[in-house]
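Just so you know, the sequences run in chain order A and B.
Using our numbering, the first residue of the first sequence is number 1157, and each one after it goes up by one.
Using our numbering, the first residue of the second sequence is number 1157, and each one after it goes up by one.
Number of protein chains: 2
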Amino acid sequence: MITVYEALVDPTRRRILDLLREQPRLVGELVGLLAISQPGISKHLRVLREASLVKVRQEAQRRWYELRPEPLLELDDWLGSYRELLTERFDRLDNYLEQSQAKEKEQQEDDKVKSDD
Amino acid sequence: MITVYEALVDPTRRRILDLLREQPRLVGELVGLLAISQPGISKHLRVLREASLVKVRQEAQRRWYELRPEPLLELDDWLGSYRELLTERFDRLDNYLEQSQAKEKEQQEDDKVKSDD
DNA sequence: CAGATATATAACTTGACGGTTATATAATCA
DNA sequence: TGATTATATAACCGTCAAGTTATATATCTG
């Protein structure tokens, strides 16, 4: 079994989850979107499966991967104990959060620039 | 710079944060509590520092480590997009969460059983 | 100053991770 | 049936993480 923390540590897997949040996807679709080889994607999907963060529905040779957000509750629960501390000082943090979001967005752009050959 | 995801992936570091949530602690205190060598703890603290999750106050030879929860906001933000999905199906998940908590508690017990030699 | 105390850093080992290419498996299609 | 399509698995490689022991650094104490 793989913990939700282990599943989320890799940015590619977070991207996959974000993509699956929009809609179920085929493996090949994810390959097209993520600039990683097909076996690489399959390996990530295996990790997500073993963390129970996705479920699969087979349809002929194709596999539809679908989000299963339940395990995120554990993370949310852990975070909960910190949330009061956070909201206490909330004013100080607005700035911080905006910075982080900018950084993340930047990185996602980088990911996307798959050389189109 | 170390991401909050990287910082949280290690269970020992999550325990350290939990301990610092209660109160600031000395390195030696954490060593006593965690069954890892002093350099091991110092390395974890360095990671937490580079993730901006702790701050240090020096007092003679001692170092007080204190929680800095701000970076957790980024994680909370990421989780936010999934929270609606989660609450939608909330009834199905109670059971799941309880299981996870039991597992975690079990593991923490294991951590604590430092052979007292 | 010499020793003791508290912590950090260096160097090393081991194992796991994330990527790759090559291949196996399984279903569809002609 | 043989070729094609879609995905998973195997084998391998380089990097890094987490632990260790040994040592450096810095402060206090006698």
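For each residue, glycine too, the CB sits at the ideal point set by N, CA and C.
Fair warning: this is a prediction, and the values are worked out from it, not measured in the lab.
Would you list the residues sitting across from residue i in a DSSP beta bridge?
i	result
W1220 (chain B)	B:L1182, B:R1213
Taking only beta-carbon positions, decide if residue i is within less than 8 angstroms of chain B.
i	result
V1165 (chain A)	yes
L1176 (chain A)	no
S1198 (chain A)	no
L1235 (chain A)	yes
L1189 (chain A)	no
R1239 (chain A)	yes
L1186 (chain A)	no
L1229 (chain A)	yes
Under a CB-based cut-off of 8 angstroms, is residue i close to chain A?
i	result
R1219 (chain B)	no
S1193 (chain B)	no
P1180 (chain B)	no
E1222 (chain B)	no
L1204 (chain B)	no
L1242 (chain B)	yes
L1209 (chain B)	no
E1162 (chain B)	yes
How close, in whole Å, do the beta carbons of residue i and residue j come, if the pair is a contact with beta carbons under 8 angstroms?
i	j	result
L1228 (chain A)	Y1161 (chain B)	So it is not a contact: roughly 13 angstroms between Cβ atoms.
L1231 (chain B)	L1173 (chain B)	With 8 angstroms as the limit, L1231 (chain B) and L1173 (chain B) do not qualify as a contact, their Cβ atoms being about 12 angstroms apart.
L1204 (chain A)	L1189 (chain A)	With 8 angstroms as the limit, L1204 (chain A) and L1189 (chain A) do not qualify as a contact, their Cβ atoms being about 15 angstroms apart.
L1186 (chain A)	W1220 (chain A)	Going by Cβ atoms, the distance from L1186 (chain A) to W1220 (chain A) rounds to 11 angstroms, so no, they are not a contact pair.
L1242 (chain A)	P1225 (chain B)	5 angstroms
Among the options, which residue has its Cα nearest to the Cα of residue i?
i	options	result
P1167 (chain A)	A:E1185, A:T1159, A:E1226, A:H1200	A:H1200
V1165 (chain B)	B:A1207, B:R1218, B:Q1194	B:A1207
E1240 (chain B)	A:E1178, A:I1192, A:G1184, A:E1240	A:E1178
R1171 (chain A)	A:I1158, A:A1191, A:M1157, A:Q1217	A:A1191
R1169 (chain B)	B:S1193, B:I1197, B:V1212, B:M1157	B:I1197
K1211 (chain B)	B:L1223, B:P1195, B:A1163	B:L1223
R1218 (chain A)	A:G1184, A:T1159, A:L1235	A:G1184
M1157 (chain A)	A:G1236, A:L1235, A:R1202, A:E1215	A:R1202
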